[in-house]
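Notes to accompany the following structure.
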Amino acid sequence: MFLLPKIIVIMSKHQYINISSALPATQRTALNVIFKPIWAAIAGFTTLSFMAVSQPAQAFNVTYSFTVQINSDDYKTQGLSQGTVEQGYLTYDDAVLTGIGNEYVAPLNGNLTLKFNFLNNNYTEKDDLNYGNQSFITDYPAFLFTDGELVGLDFFVVPSKFQPPQNALSFRVFNDSFFVGGTDNFNSGDKVGTVTYSNMPVLPEPSPPSTGIAAVPEPSEVGGTIVASLLGLWAMRKVKQKR
1 MFLLPKIIVI MSKHQYINIS SALPATQRTA LNVIFKPIWA AIAGFTTLSF
51 MAVSQPAQAF NVTYSFTVQI NSDDYKTQGL SQGTVEQGYL TYDDAVLTGI
101 GNEYVAPLNG NLTLKFNFLN NNYTEKDDLN YGNQSFITDY PAFLFTDGEL
151 VGLDFFVVPS KFQPPQNALS FRVFNDSFFV GGTDNFNSGD KVGTVTYSNM
201 PVLPEPSPPS TGIAAVPEPS EVGGTIVASL LGLWAMRKVK QKR
């Protein structure tokens, strides 16, 4: 029977190799039996830790509100008078944006959705004149950016027999301008107001309810516990053998 030197500190794998190489074969074999499973366990937990850390950051939805301020009485007979204020909001996924050059988000490119109340009628992205039209380079409606800076929304609605309400006033939100009376892609109508945008802050998600389950320890803590436990068992076994 032989006695191994007392181990006071947790050794690195390189330290272990240096120490074990200087020991007799019988003692080196005993060290291998004890420490090889320990290194394997620590390596496994370390791998899991790196996998968790290396997960890419998730994109998140961004919401803007936009406000239309009417500054003309040209369409007063149709219910649109100076001082009228209309509001809407839009949401999109920022994963497609890089902050470089001219970019946009749209229903097919960024999951753009919007709602706009105009003269007591509610409109969404699906009411855009060019919604789903694949013949354009840009999908519509579109929220435009240049080098990460907001340019504005391009949203054009022309009510027709195919797109009720037929008697509603057509309109176009184009960047910071608001037009009404447009008929098609070549005629946006008359500018009657301005548009302003405001980024709506993302509210923090509520904390999940307590499940009564204990927190999972860090991989480094688990590895240290395994080493300490196995060394303790080894010491107890040696005491029993010595007796």
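Numbering-wise, full-length UniProt numbering puts 186 at position 186 of the sequence shown, and it's gapless, one number per residue.
Cβ atoms here follow ideal geometry from the backbone N, Cα and C, with glycine treated the same way.
Nearest to ASP190 by CA position, among VAL180, PHE143 and ASN175, is which residue?
In terms of Cα proximity to ASP190, the closest of VAL180, PHE143 and ASN175 is VAL180.
At 4 residues or longer, what runs of the alpha helix (DSSP H) sit wholly inside the stretch 106-156?
If we require 4 residues or more, the stretch 106-156 turns out to have no alpha helix (DSSP H) run fully inside it.
7 Å Cβ shell around GLY182 - same chain, five flanking residues per side excluded
Same-chain partners within the cutoff: PHE156, VAL158, SER170, ARG172, SER188 and GLY189.
Coarse secondary structure for LEU78, derived from DSSP in three states:
Inspection of the sequence shows that residue 78 is occupied by Gln rather than by Leu. The three-state secondary structure of GLN78, taken from DSSP, is helix.
Same chain, Cβ closer than 8 Å to ASP128, neighbours up to 5 away in sequence not counted:
Here the set comprises TYR140, PRO141, PHE155, PHE156 and VAL157.
Quick one: Cα of LYS126 to Cα of MET200, how far?
When rounded, the distance between both Cα atoms is 22 Å.
Going by DSSP, what residues sit across from GLY88 in a beta bridge?
DSSP lists PHE66 and PHE116 as partners of GLY88.
THR194 versus PHE178 - alpha carbon distance
Pairing THR194 with PHE178, the inter-Cα distance amounts to about 5 Å.
Judging by CA-CA distance, which residue of LYS76, SER160, THR98 and GLU86 is the nearest neighbour of LEU150?
The candidate whose alpha carbon is nearest that of LEU150 is THR98.
Opposing strand residues paired with VAL194 [DSSP bridges]
In the sequence as presented, Val is not what sits at residue 194; that position holds Thr. Bridge partners of THR194: GLN69 and SER177.
Quick check: is the beta carbon of PHE66 nearer than 8 Å to any beta carbon in chain B?
Of the protein chains in the structure, only one exists, and it is not chain B.
Exposure label - GLN87; buried when at least 16 CB within 10 Å:
So GLN87 counts as exposed.
Are PHE66 and TYR89 close, meaning C-beta to C-beta below 8 Å?
Yes, these two residues count as a Cβ contact at 8 Å.
Can you name, in chain order, every residue of its own chain whose Cβ lies under 6 Å from the Cβ of LEU153, other than the five neighbours on each side?
Answer for LEU153: PHE143 and VAL173, listed in chain order.
Buried or exposed: LEU108, going by 16 or more other Cβ atoms within 10 Å of its Cβ?
Classification for LEU108: exposed.
Pull up the distance between the alpha-carbon of MET101 and that of THR77, whole angstroms please.
First, the amino acid is wrong: residue 101 is Gly here, not Met. One C-alpha to the other measures close to 43 Å.
Look at the Cβ atom of TYR64, then the Cβ atom of SER198, and state whether they are nearer than 8 Å.
Yes, they are a contact pair.
Less than 8 Å between the C-beta atoms of VAL96 and VAL68, yes or no?
The answer is no: Cβ separation not under 8 Å.
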